[in-house]
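Novice: In full-length UniProt numbering, the protein residues as written are 120 to 604.
We treat Cβ as the ideally placed atom computed from N, Cα and C, and that holds for glycine.
Please read all numbers here as calculations on a predicted model, not as lab measurements.
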Amino acid sequence: TEFSRRLLPRPRRLLLLVNPFSGRGQAMQWCQTQILPMIKEANISYNLIQTERQNHARELIREISLPEWDGIVIVSGDGLLHEVINGLMERPDWEQAIKIPVGILPCGSGNALAGSINHNAGYDMCLRESLLLNCCFLLCRGGVRPMDVVSVTTSPPPSSNNHTAPPRRLFSFLSVAWGFVSDVDIESERYRGLGSARFTLGTLVRIASLRSYKGRLSFLPPTSCTSSPDATPPPPRRTISRSITEGLEGLCHTPIHRTCSDMGISEQRSLRLAAEEPVWSGTSSESNEREDGSLGGAERRSPTSWTWPVSERSPSPLLFATLPSPTSPSPWTKTRTRGQGPQRHRQFCLPLNLPKDDLLPPLDQPLPTRDWVTIEGDFVLVLALYQSHLGADLFAAPQARFDDGLIHLTFVRAGISRATLLRLFFAMERGTHHSVSSPYVSHVTCKAFRLQPLSTRGTLTVDGELVYGPLQAQVHPSLARLIVG
Ligand code: ADP
Ligand code: MG
């Protein structure tokens, strides 16, 4: 009867995002042969969407209605989950959105998180279909655990001739790598046809032509966090509309009237405000800046009313306002000054109340000297990892847990021999590399770090995606939720 049917638990509904080109391009085939039969048997209902291009998943996740789903599952490599996490954090409702359980079914060439989930469940290290089957089983079982997310602030690309472009903020669930590891990741793209063996070949090629990179690495060890003078309690949360209104009121000297009913950000995807002084505004796309210093995303409706398109082209959820003669109030931070005399504009940006990196000063300001450790010199690699695995068969941070609130930092100084480095990578497969003793190799944990490359060589990656330095990062414990079985 209708009554008894309502007493039964309703089937879980999962949104499957499949990248048909991940790994060796087998994701759709594996869906048909392995994944969907098991999911159907587990009485899980699903919707399957194939991603059509880079950032497709990210845009989709920014838009969709989340209450319709019990979880979002990536059928790809780690790169697609990176898009999903960032899509969730770019939503105005990020605080709830990031709590939706996310899962991963490994079909990529980089399957670090799947390797970590497999290990956490007590299974032996495995690859390809075996790893997929384990992860699929754990997904069907459905247990969820909190997962740390690391907020990373990176510099704008050096190619943008605009040196005062604001830093980029992104969210990472896996790693920040510099030097050897990221070079292998980026260079081995050309061996994509080999699947995960691309990293082994890439490693051997890089060892043969070993390089070192000049840089400065600073980190904040976990024990010092409570005594840190900068660890002020986070400010009370305010709604988006209120903080924008307050920010602009401070800037304009004059009261701002709200013109939209409640600046319905979800229905209109835009904010409208009114002031008694003309104001330029726009979203934070680096590419849409105009000659006069205003932003292409801006609309100057009338001297007293203007609109912000929200998240249209914006790579990160920052709103900008440029005013003729502003004061500098918080919570706005000044990003640049343009023009001269009466034409002088100052531009401010306001993050959409994203989690504050309370352990870090702004990227262009010096770190506190107390409690921070700084190492300057020549590095072979710096690797910040927050999952146990760096690849399905790379057990790089044996102590790491999904929600330990720690960044596991490994750095290798120049001077290490090729043989020792090779031994280190082989030991990583078994997770015994911490016993490879070498004065050039260090393993520490931290809550935050800053990395300043001092030479132009060497790539920097966040979750395997290319970024630019200097960068800094802070862990936000248990921000997300992961399906671990
Ligand atoms: P792999 O581990 O094989 O690299 P990923 O999941 O990391 O697999 O995907 C690699 C990249 O492919 C991601 O950055 C993602 O944005 C991008 N991507 C997703 N869908 C597509 C698509 N249909 N075509 C091309 N690239 C895509
Ligand atoms: Mg961790």
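Between the C-alpha atoms of Leu339 and Cys150, what's the straight-line distance to the nearest angstrom?
Specialist: Computed Cα separation, rounded: 43 Å.
Novice: Specify, as a first and last residue, the run of the beta strand (DSSP E) that Ile326 falls within.
Specialist: Not the beta strand (DSSP E): Ile326 falls in the alpha helix (DSSP H), residues 316-327.
Novice: Considering Arg330, what are the terminal residues of the alpha helix (DSSP H) in which it resides?
Specialist: Looking at the DSSP string, Arg330 is not in any alpha helix (DSSP H), and its letter there is neither H nor E.
Novice: Count the other CB atoms, across all protein chains shown, that sit within 10 Å of the CB of residue 68; report buried if there are 16 or more and exposed otherwise.
Specialist: With the chain covering only 120 through 604, there is no way to say anything about residue 68.
Novice: Check whether the Cβ of Arg172 lies closer than 7 Å to any heavy atom of ligand 1, and answer yes or no.
Specialist: Correct: Arg172 has its Cβ closer than 7 Å to ligand 1.
Novice: Within the continuous alpha helix (DSSP H) that includes Leu540, where are the two ends?
Specialist: 537-549 is the extent of the alpha helix (DSSP H) around Leu540.
Novice: What number of angstroms, rounded off, separates the C-alpha of Asp490 from the C-alpha of His595?
Specialist: Cα to Cα, the separation comes out at about 19 Å.
Novice: Does the separation of the CB atoms of Thr551 and Leu528 fall below 8 Å?
Specialist: The answer is no: Cβ separation not under 8 Å.
Novice: Taking 7 Å as the cut-off, does the CB of Phe318 come closer than this to any heavy atom belonging to ligand 1?
Specialist: The answer is no for Phe318.
Novice: Under 8 Å between the Cβ atoms of Tyr332 and Leu320?
Specialist: No.
Novice: What do you reckon, is the C-beta of Leu199 under 7 Å from a heavy atom of ligand 1?
Specialist: Yes, the beta carbon of Leu199 sits closer than 7 Å to at least one heavy atom of ligand 1.
Novice: Keeping to the same chain, check which residues put their C-beta closer than 6 Å to that of Thr580; ignore five residues upstream and five downstream.
Specialist: So the list reads Ala296, Ser301, Asp304, once near-sequence residues are dropped.
Novice: Please classify Leu442: is it buried, with 16 or more other beta-carbons within 10 angstroms of its beta-carbon, or exposed?
Specialist: Annotation note: pLDDT 37 at Leu442 (below 50); position unreliable, no value reported.
Novice: Looking at chain D, is there any beta carbon in it that lies within less than 8 Å of the beta carbon of Asp197?
Specialist: Of the protein chains in this structure there is only one, and it is not chain D.
Novice: State the CB to CB distance for the pair Cys254 and Ile223, rounded to an integer number of angstroms; the pair is presumed to be in contact (CB under 8 Å).
Specialist: The Cβ separation is near 7 Å, so the contact holds.
Novice: Could you check where the alpha helix (DSSP H) with Pro156 kicks off and where it finishes?
Specialist: Looking at the DSSP string, the run of the alpha helix (DSSP H) that includes Pro156 is 155-160.
Novice: To which residues does DSSP link Trp297 through a beta bridge?
Specialist: For Trp297, which the question treats as bridged, DSSP gives the partners Val501, Leu579.
Novice: Assign Phe140 to one of three DSSP states: helix, strand, or coil.
Specialist: Phe140: coil per DSSP, three-state reduction.
Novice: Measure the alpha-carbon distance for Gln148 versus Ser195 and round it to whole angstroms.
Specialist: Approximately 12 Å between the Cα atoms of the pair.
Novice: State the DSSP-derived secondary structure class of Tyr165, mapped to helix, strand or coil.
Specialist: Of the three classes helix, strand and coil, the one that applies to Tyr165 here is strand, per DSSP.
Novice: Run through DSSP, which three-state label would Leu133 get?
Specialist: In the structure shown, Leu133 sits in a strand (DSSP, three-state: E or B).
Novice: Closest to Ser270 by C-alpha separation, out of Thr575, Gly198, His508, Lys475, would be which residue?
Specialist: Of the candidates Thr575, Gly198, His508, Lys475, the one whose C-alpha sits nearest the C-alpha of Ser270 is Lys475.
Novice: In angstroms with no decimal places, state the Cα-to-Cα distance between Pro436 and Leu289.
Specialist: Low confidence applies here, because Pro436 scores a pLDDT of 32, under 50, leaving its location unreliable and the question unanswered by this model.
Novice: For my contact list, Leu136 and Ile168 are in at a C-beta cut-off of 8 Å; report their separation, rounded to the angstrom.
Specialist: Correct: roughly 6 Å between the Cβ atoms.
Novice: What residue range does the alpha helix (DSSP H) around Ala146 cover?
Specialist: Where Ala146 is concerned, the enclosing alpha helix (DSSP H) stretches over 146-149.
Novice: Looking only at DSSP bridge pairs, what is Phe256 linked to?
Specialist: Bridge partners of Phe256: none, in fact.
Novice: May I ask you to check if the CB of Pro139 is nearer than 7 Å to at least one heavy atom of ligand 3?
Specialist: Absent from the structure shown: ligand 3. Ligands present: ligand 1 and ligand 2.
Novice: So for Val603, helix, strand or coil by DSSP?
Specialist: It is coil, neither helix nor strand.
Novice: Leu252 to Gln145, Cα distance in whole Å?
Specialist: Those two C-alpha atoms are separated by around 14 Å.
Novice: So, for Ser141: in the same chain, excluding its five sequence neighbours on each side, which residues have a beta-carbon less than 6 Å away from its beta-carbon?
Specialist: The answer, listed in chain order, is Ser195, Gly196, Cys226, Gly227.
Novice: Considering only heavy atoms of ligand 1, does any lie closer than 7 Å to the CB of His175?
Specialist: True, at least one ligand heavy atom lies under 7 Å from that Cβ.
Novice: How far does the alpha helix (DSSP H) with Asp197 in it reach, from first residue to last?
Specialist: First-last of the alpha helix (DSSP H) with Asp197: 197-208.
Novice: For the beta strand (DSSP E) that Gln571 lies in, which residues bound it at each end?
Specialist: Looking at the DSSP string, the run of the beta strand (DSSP E) that includes Gln571 is 567-572.
Novice: Which whole-angstrom value describes the C-beta separation of Arg600 and Val324, a residue pair presumed to lie in contact below a C-beta threshold of 8 Å?
Specialist: Wrong, their Cβ atoms sit about 38 Å apart, outside the cutoff.
Novice: Can you tell me whether Phe292 is buried or exposed? The criterion is at least 16 other CB atoms within 10 Å of its CB, across all chains shown.
Specialist: Counting Cβ neighbours within 10 Å, Phe292 comes out buried, since at least 16 surround it.
Novice: CB of Glu584 to nearest heavy atom of ligand 1: below 7 Å?
Specialist: Yes, ligand 1 has a heavy atom inside 7 Å of this Cβ.
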